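Undergrad: For what it's worth, our numbering labels the leading residue of the sequence shown as 1, then goes sequentially.
Virtual Cβ for every residue (Gly too), placed ideally from N, Cα, C.
Remember, predicted model here, so these are calculated numbers, not experimental data.
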Amino acid sequence: MGEVSGDQLLWFLEQGHAADKREQLAILATVGGLGDRLGAVPLGGIDRCILKTHLDLITPQEDVIVVCKCGHCGEELEFQQSLLEILENSGQTEPASTTFEYDGQPYELRLPCLHDISAEGVILQNLNPSAPWSDEGFLRAAGEALSDADPTLNLSIALRCANCEEVFSDRFDPAQFLWNELTERAKALLDDVVVMAKALGWSESDIVTMSPERRNLYIDRLSA
Ligand SMILES: [Zn+2]
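1) Would you check whether ligand 1 has a heavy atom nearer than 7 Å to the C-beta of C68?
2) Please report the residue range of the beta strand (DSSP E) in which I157 lies.
3) Apply the 10 Å Cβ neighbour rule to S90 and answer buried if 16 or more other Cβ atoms are within range, or exposed otherwise.
4) What span of residues does the beta strand (DSSP E) with P106 cover, start to end?
5) Would you call P212 buried or exposed, if buried means 16 or more other Cβ atoms sit within 10 Å of its Cβ?
6) In the DSSP assignment, find the alpha helix (DSSP H) that holds T209 and state where it starts and stops.
7) Rounded to whole angstroms, what is the Cα-Cα separation between E204 and A197?
8) Within a Cβ cutoff of 6 Å, which residues of the same chain sit near L189, ignoring the five residues on either side of it in sequence?
9) So the candidates are R221, I123, N180 and E184; which of them puts its Cα closest to the Cα of A199?
10) Please state whether the Cβ-Cβ distance between G71 and T53 is less than 8 Å.
11) Tell me, to the nearest whole angstrom, how far the beta carbon of P95 is from that of D148; I am working on the premise that it is less than 8 Å.
12) Quick check: what's the CA-CA separation for A40 versus I123?
13) What would DSSP say about D20, mapped onto helix, strand or coil?
14) Would you tell me roughly how many angstroms separate the C-alpha atoms of G104 and Q125, rounded to the nearest one?
15) Whole angstroms are fine: how far does the CA of A119 sit from the CA of D173?
16) Between which two residues does the alpha helix (DSSP H) harbouring D56 extend?
17) Secondary structure at D192, three-state DSSP: helix, strand or coil?
18) Which residue's Cα is closest to the Cα of F79: E88, D63, C73 and T93?
19) Compare the Cα-Cα distances from D170 to each of W202, P129, H115 and V66 and report the closest residue.
20) Give me the DSSP bridge partner(s) of Q80.
21) Quick one: what does DSSP say S5 is sitting in, helix, strand or coil?
22) Would you kindly work out how many angstroms separate the C-alpha atoms of E88 and A142, rounded to a whole number?
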């Protein structure tokens, strides 16, 4: 897909408030063009679609800013992170299932999809109803098997604290980053629509279907 259109941005703003994690992913994947295939694509594939959508919105060389706290000294940290690099390090395709061995026995796990998410996270029983999910060791092994099968499921970035030199890794959530970016853009577009409609009497669709460059020409003139 190319740029997210003005119409999609306003649609996003309309859907976006009060959405939970599962709704957020569905909304972002729709903006990214997954549409009808949404239910069939494992979460890793949805995250990849989201990363690609985000890359379409920014210039590929541009970094995103990751803000986190050092777990060792508590320092607030800010890092620049290349989305392109994250996408390149993620898996290229998402398998539908994976098999691994635990305690001498083979287990098959289905890779989680959107309908496997609840407010508490992934519903593990869905991935294999007869597996011993209450066994801590099994839980760890299953988590590793899922990450190995699709690295995008568990994206993390390696960081070093500028204050205490602690090296640690932080989970990277592509959805949250695209969500923030789209929110910012959609609100800016809404502001432009209000300013131009008020001053020029044009309709929402006239203004929204205009290229951002042309819109800026008018906004600049109006604020001169
Ligand atoms: Zn630190």
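TA: Reading it off the structure:
1) Stepping through the sequence shown from its first residue, residue 68 is reached at position 68. No, Cβ of C68 sits at least 7 Å from all heavy atoms of ligand 1.
2) For the purposes of this step, residue 157 is taken as residue 157 along the sequence shown, with counting starting at 1. S156 to R160 is the span of the beta strand (DSSP E), which, as asked, contains I157.
3) Translated into the one-based positions of the sequence shown, residue 90 becomes position 90. Classification for S90: buried.
4) Start at 1 with the first residue of the sequence shown, and residue 106 comes out as number 106. Where P106 is concerned, the enclosing beta strand (DSSP E) stretches over Q105 to R110.
5) Against the sequence shown, residue 212 aligns to sequence position 212. That one is exposed.
6) As a position in the sequence shown, residue 209 is number 209, starting the count at 1. Per DSSP, T209 belongs to the alpha helix (DSSP H) from E204 to T209.
7) Position 204 of the sequence shown, counted from the start, is the residue given in the question as residue 204. Position 197 of the sequence shown, counted from the start, is the residue given in the question as residue 197. Rounded to whole angstroms, E204 to A197 spans 7 Å at the Cα level.
8) For the purposes of this step, residue 189 is taken as the residue at position 189 of the sequence shown. Excluding sequence neighbours, L189 sits near G6 and L9.
9) As a working note, residue 199 is residue 199 in the sequence shown. Residue R221 is the option with its Cα nearest to A199.
10) By 1-based counting over the sequence shown, the position of residue 71 is 71. By 1-based counting over the sequence shown, the position of residue 53 is 53. Result no, Cβ atoms of G71 and T53 do not sit closer than 8 Å.
11) Against the sequence shown, residue 95 aligns to sequence position 95. Against the sequence shown, residue 148 aligns to sequence position 148. With a Cβ gap of about 10 Å, P95 and D148 do not count as contacting.
12) Position 40 of the sequence shown, counted from the first residue, corresponds to residue 40. Position 123 of the sequence shown, counted from the first residue, corresponds to residue 123. The alpha-carbon atoms of A40 and I123 are separated by roughly 16 Å.
13) Taking the sequence shown and counting its residues from 1, one reaches residue 20 at position 20. Looking at D20 - three-state DSSP - the assignment turns out to be coil, as it is neither helix nor strand.
14) Residue 104 sits at position 104 when you count from the first residue of the sequence shown. Residue 125 sits at position 125 when you count from the first residue of the sequence shown. Roughly 20 Å separates the two Cα atoms.
15) Here residue 173 corresponds to residue number 173 of the sequence shown, with the count starting at 1. Here residue 119 corresponds to residue number 119 of the sequence shown, with the count starting at 1. Their Cα atoms are separated by approximately 16 Å.
16) One-based indexing of the sequence shown puts residue 56 at position 56. Taken as a continuous stretch (DSSP letters only), the alpha helix (DSSP H) holding D56 covers L43 to L57.
17) Start at 1 with the first residue of the sequence shown, and residue 192 comes out as number 192. It is helical.
18) As a first step, residue 79 is located in the sequence shown; it is residue number 79 there, counting from the start. That would be D63, whose Cα lies nearest to the Cα of F79.
19) Counting from one through the sequence shown, the residue named residue 170 turns up at place 170. Considering only alpha carbons, the answer is V66.
20) In the sequence shown, counting from the first residue as 1, residue 80 sits at position 80. Answer is I65.
21) Numbered from 1 along the sequence shown, position 5 holds the residue referred to as residue 5. Looking at S5 - three-state DSSP - the assignment turns out to be coil, as it is neither helix nor strand.
22) Here the question's residue 88 lines up with position 88 in the sequence shown. Here the question's residue 142 lines up with position 142 in the sequence shown. For E88 and A142, the distance between alpha carbons rounds to 24 Å.
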